[in-house]
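Inspection log for the structure reproduced underneath, given as structure tokens.
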Amino acid sequence: MFHSFTGCDTTSAFFGKGKKSVWEAWNAYVEVTEAFNNLMNHPYMTVTVNCKEFQLLERFTVIIYNKKSNLDSVNEARRELFSQKNRTMENIPPTQEALLQHTLRAVYQAGIWATSDHCEQKPPTSEGFGWTLESATKTWRPVCSNLPVASQACSGLIKWLQKRHVHVWRTMLMQEGAVEVHINFAAAHVRSSLAGLV
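In the numbering used here, the protein residues as written are -18 to 179.
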């Protein structure tokens, strides 16, 4: 399971984190061994963000990126590491959702290995294990995340904020008779204030 989780021929590795650095992280956080063993002993196990195995793997991922961190959540570690100078997006852990999808792919691959001594392997479909079947091309594609794309989420947030600000300005300025000018000013102000988010 360690090999499939940290990157092999069929699963991705964490960007810039080779086997040596993840081995050192394992030595720093030996508790993750329990998760590796449970997942190998129960091939194709259902993994959720709330199960103990995933929580151990999430903490292990934090350690991979920062051996001195006391955080358990990759999302919290992302915030902490990104706020440090000289940290790029490539040098912070994946989101919890992306880590879950990666873990599901690793569990599927480890399940193949764990049952490779069976005369007749009957693995479940890889759908739901971090993979999805493209209907048009009939090819399997890794699922990176089930969360909305950030640009779409930011766009929705900007629209909501614009409506909110325009409504507030309209309410405040109705009595002054200069609604149109102030509405346009408020919308332009919100767009310029939030331009860096998109």
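Glycine residues also receive a C-beta, built at the ideal position from the N, C-alpha and C atoms.
Model, not experiment: these values are computed from the prediction.
State the DSSP-derived secondary structure class of Arg68, mapped to helix, strand or coil.
-> coil
Ile44 versus Ser116 - alpha carbon distance | 38 Å
Residue(s) in a DSSP beta bridge with Thr120 = Thr120 pairs with Glu115.
Over the uninterrupted alpha helix (DSSP H) stretch that includes Tyr46, give me the two end residues.
-> Tyr46 -> alpha helix (DSSP H) spans 33 to 46.
Counting Cβ pairs closer than 8 Å, one from the segment 90 to 109 and one from the segment 10 to 29, do we hit at least three?
-> With the cut-off at 8 Å, the segment 90 to 109 and the segment 10 to 29 touch.
Taking contact to mean at least 3 C-beta pairs separated by less than 8 Å, is the segment 8 to 20 in contact with the segment 30 to 47?
-> yes
Looking at the structure shown, is Glu101 part of a helix, part of a strand, or coil, going by DSSP?
-> coil
Apart from the five residues just before and just after Gln77, which ones in its own chain have a Cβ nearer than 8 Å to its Cβ?
-> Val30, Glu39, Ser54, Val55, Asn56
Three or more beta-carbon pairs under 8 Å between the segment 102 to 121 and the segment 60 to 74, yes or no?
-> No: fewer than three Cβ pairs fall under 8 Å.
Could you pull the start and end residues of the alpha helix (DSSP H) that Ile93 belongs to?
-> Start and end: 77 to 95.
Residue range of the alpha helix (DSSP H) that Asn8 falls in?
-> Run containing Asn8: 0 to 9, per the alpha helix (DSSP H) assignment.
Since Thr(-9) contacts Gln90 with CB under 8 Å, what's their CB separation in whole angstroms?
-> 5 Å
Name the one or two DSSP bridge partners that Glu108 has.
-> According to DSSP, Glu108 shares a beta bridge with Trp112.
When DSSP labels each residue in this structure, what does Ser(-15) get in the three-state scheme?
-> helix
Excluding the five sequence neighbours on either side, which residues of its own chain have a C-beta within less than 7 Å of the C-beta of Ala6, listed in chain order?
-> Setting aside the 5 residues that flank it on each side, Ala6 is surrounded in the same chain by Phe41, Ile44, Ile45, Lys48, each with a C-beta closer than 7 Å to its C-beta; the list follows chain order.
In whole angstroms, what is the alpha-carbon distance linking Glu61 and Lys103?
-> 43 Å
Grouping DSSP H, G and I as helix and E and B as strand, with all else coil, what is Lys49?
-> coil
DSSP state of Phe(-4) mapped onto helix, strand, coil | coil
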